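Colleague: I'd like to ask you about the structure that follows.
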Amino acid sequence: MNATPAPHQPSAAFEYLTTKKDEFVGWARKFSLFPYPFVTACCAMEFMSVSSTLYDTDRFGAALPRFTPRQSDLLMVVGTVTHKQAPILLKVYEQMCEPKWVIAFGVCASSGGFYQNYAALQGIDKIIPVDLYIPGCPPRPEMVIDGIMKLQDRIARERHPIITKDF
Amino acid sequence: MSDEVFETVRAGLAGQVQEAAVAHGILALTLEPASLGDAARRLKESFGFDMLLDVTAVDWPEREPRFDVVHHFYSTQHRVRVRVKTRVPESDPTVDTLVPLYGSARYMERECHEMYGIRFRGNEDLRPLLLYEGFVGHPLRKDYPKQQEQPLVPYRK
């Protein structure tokens, strides 16, 4: 005698969700940013402030720094980059896996700031593409949080087509 | 107390000093380039200036000779400083090295050499210290263009 399986009893009102694939991927990515802090100068103080308890970037899923570029997807360039250091920054950027984003934290990383001289690189966007610039010398933690939220919005709105030009 | 020390130094180096003045509590002496090594030895051995604080230069573009090479000495015994300036021309910006007297001169002369192009006779190791290989020119000279860049990485676009 064959036992018929008991009819399925829904355990809750919602059993499954429907969403769009692009939104789902964007939602997952935007809350799992692993920053690589490329910290060279005094903006580091503000970076510590924004990472620690009072402002707490962990609320945005972007707190746990990975000190190897291979495990990170958000490069935060915090402070002045000199010409002597530019090859190191480029190497770190090239070691990061896709998808990756870059934040220029503070005015020196964005444009060189007031270091208009022989030593300073006049903005990291001369050598690597930058997604978000946070101005300020140094930026307030609120501005950094605002910047991270803007980057999250942008990540959430990215398209991930199944059929690409290479398909 | 510092006045007595300054007076002793000034009297002791009287044959070599061109100008002497006390500025901001420091005795500032101007010497001929040729007498720098001898004056430094006497400062160290006779007057107790046992510490070399700084080696740098000043660029006066309109003046001839163009550069001041500036050494700062400190006496841990008397707790006073002496500043020694030597004037060197652009065509031959050379002074004697102080490395045999003060080991700390080694790095400071390297920095002075890369930033101003001053040569230190007797210091064989004048490789760039802060600048990178292949840097052309001396960036702290007044005729170095302020916004000239010598990037190591090719720029995008």
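The listed protein sequences correspond, in order, to chains Z and U.
Letter by letter, the first sequence follows residues 1 to 167 of the numbering used here.
Letter by letter, the second sequence follows residues 1001 to 1157 of the numbering used here.
Where a beta carbon is used, it is the ideal one built from N, C-alpha and C, also for glycine.
None of the values given here were measured: they were computed from a predicted structure.
#1: Under 8 Å Cβ-Cβ, which residues of chain Z neighbour arginine 1156(U)?
#2: If contact is defined by three or more beta carbon pairs under 8 Å, each pair taking one atom from either stretch, is the region 1061–1073 of chain U in contact with the region 1017–1025 of chain U?
#3: What do you get for threonine 164(Z), buried or exposed, if any count of 16 or more other CB atoms within 10 angstroms of its CB means buried?
#4: Classify phenylalanine 1049(U) as buried or exposed, calling it buried when 16 or more other Cβ atoms lie within 10 Å of its own Cβ.
#5: Can you round the beta-carbon distance between alanine 120(Z) and threonine 82(Z) to whole angstroms, since I take them to be within the 8 Å contact cut?
#6: What is the DSSP secondary structure of serine 1075(U), counted as helix, strand or coil?
#7: Anything in chain Z within Cβ reach of tyrosine 1132(U), meaning under 8 Å, just list it in chain order.
#8: Of all Cβ atoms in chain Z, is any one closer than 8 Å to the Cβ of proline 1061(U)?
#9: Starting from lysine 1085(U) and walking both ways along the beta strand (DSSP E), at which residues does that stretch end?
#10: Compute the Euclidean distance between the alpha carbons of glycine 26(Z) and valine 102(Z), then round it to the nearest angstrom.
#11: Does lysine 1146(U) come within less than 8 Å of chain Z when only Cβ atoms are used?
#12: Quick check on DSSP: helix, strand or coil for aspartate 1125(U)?
#13: Determine, using beta-carbon pairs with one atom in the region 33–51 of chain Z and one in the region 86–104 of chain Z, whether at least three such pairs fall under 8 Å.
#14: So with CB distances below 7 Å, who are the chain U contacts of proline 87(Z)?
#15: Quick one: which residues of the region 1105–1116 of chain U get their C-beta closer than 8 Å to a C-beta of chain Z? List them in chain order.
#16: So if I threshold CB-CB distances at 8 Å, which residues from the region 90–120 of chain Z count as touching chain U?
#17: Taking only beta-carbon atoms, is glutamate 1149(U) less than 8 Å away from chain Z?
#18: Which residue comes first and which comes last in the beta strand (DSSP E) that contains tryptophan 1060(U)?
#19: Could you tell me the alpha carbon to alpha carbon distance between phenylalanine 114(Z) and isoleucine 145(Z), rounded to whole angstroms?
Modeller: Reading from the atomic positions:
#1: Mapped onto the second sequence, residue 1156(U) falls at position 156. Ordered by position in chain Z, the residues that pass the 8 Å Cβ test against arginine 1156(U) are Asp125, Lys126, Ile127, Ile128, Pro129.
#2: With the rule of 3 Cβ pairs closer than 8 Å, the region 1017–1025 of chain U does not count as touching the region 1061–1073 of chain U.
#3: Here residue 164(Z) refers to the residue found at position 164 of the first sequence. When all chains shown are included, threonine 164(Z) counts as exposed.
#4: Here residue 1049(U) corresponds to residue number 49 of the second sequence, with the count starting at 1. When all chains shown are included, phenylalanine 1049(U) counts as buried.
#5: Taking the first residue of the first sequence as position 1, residue 120(Z) is located at position 120. Taking the first residue of the first sequence as position 1, residue 82(Z) is located at position 82. The C-beta distance from alanine 120(Z) to threonine 82(Z) rounds to 6 Å, short enough to fall under 8 Å.
#6: To locate residue 1075(U), count along the second sequence from 1; it is residue 75. Correct three-state label for serine 1075(U): strand.
#7: On the second sequence, residue 1132(U) is found 132 positions in, with the first residue counted as 1. For tyrosine 1132(U), the chain Z residues whose Cβ falls inside 8 Å of its Cβ are His83, Lys84, in order along the chain.
#8: Translated into the one-based positions of the second sequence, residue 1061(U) becomes position 61. Closer than 8 Å: no.
#9: To locate residue 1085(U), count along the second sequence from 1; it is residue 85. Per DSSP, lysine 1085(U) belongs to the beta strand (DSSP E) from 1080–1088.
#10: Walking along the first sequence from the start, residue 26(Z) turns up at place 26. Walking along the first sequence from the start, residue 102(Z) turns up at place 102. The straight-line gap separating the alpha-carbon atoms of glycine 26(Z) and valine 102(Z) is approximately 17 Å.
#11: As a working mapping, residue 1146(U) is identified with position 146 in the second sequence. True, the Cβ-Cβ gap to chain Z drops below 8 Å.
#12: Indexing the second sequence from 1 puts residue 1125(U) at position 125. Coil.
#13: Between the region 33–51 of chain Z and the region 86–104 of chain Z, the count of Cβ pairs shorter than 8 Å is three or higher; the stretches touch.
#14: In the first sequence, the residue the question calls residue 87(Z) occupies position 87. Under the 7 Å cutoff, chain U gives Leu1152, Val1153.
#15: If you check each beta-carbon in the region 1105–1116 of chain U against every beta-carbon of chain Z, none falls closer than 8 Å.
#16: Answer set for the region 90–120 of chain Z: Leu90, Gln116, Asn117, Tyr118, Ala119.
#17: Residue numbering aside, residue 1149(U) sits at position 149 when the second sequence is read from its first letter. Residue contact with chain Z for glutamate 1149(U): present (Cβ-Cβ distance below 8 Å to some residue of chain Z).
#18: Working through the second sequence from its first residue, we reach residue 1060(U) at position 60. That residue, tryptophan 1060(U), is in no beta strand (DSSP E); it is neither H nor E in DSSP.
#19: Here residue 114(Z) refers to the residue found at position 114 of the first sequence. Here residue 145(Z) refers to the residue found at position 145 of the first sequence. Each residue's alpha carbon lies about 24 Å from the other.
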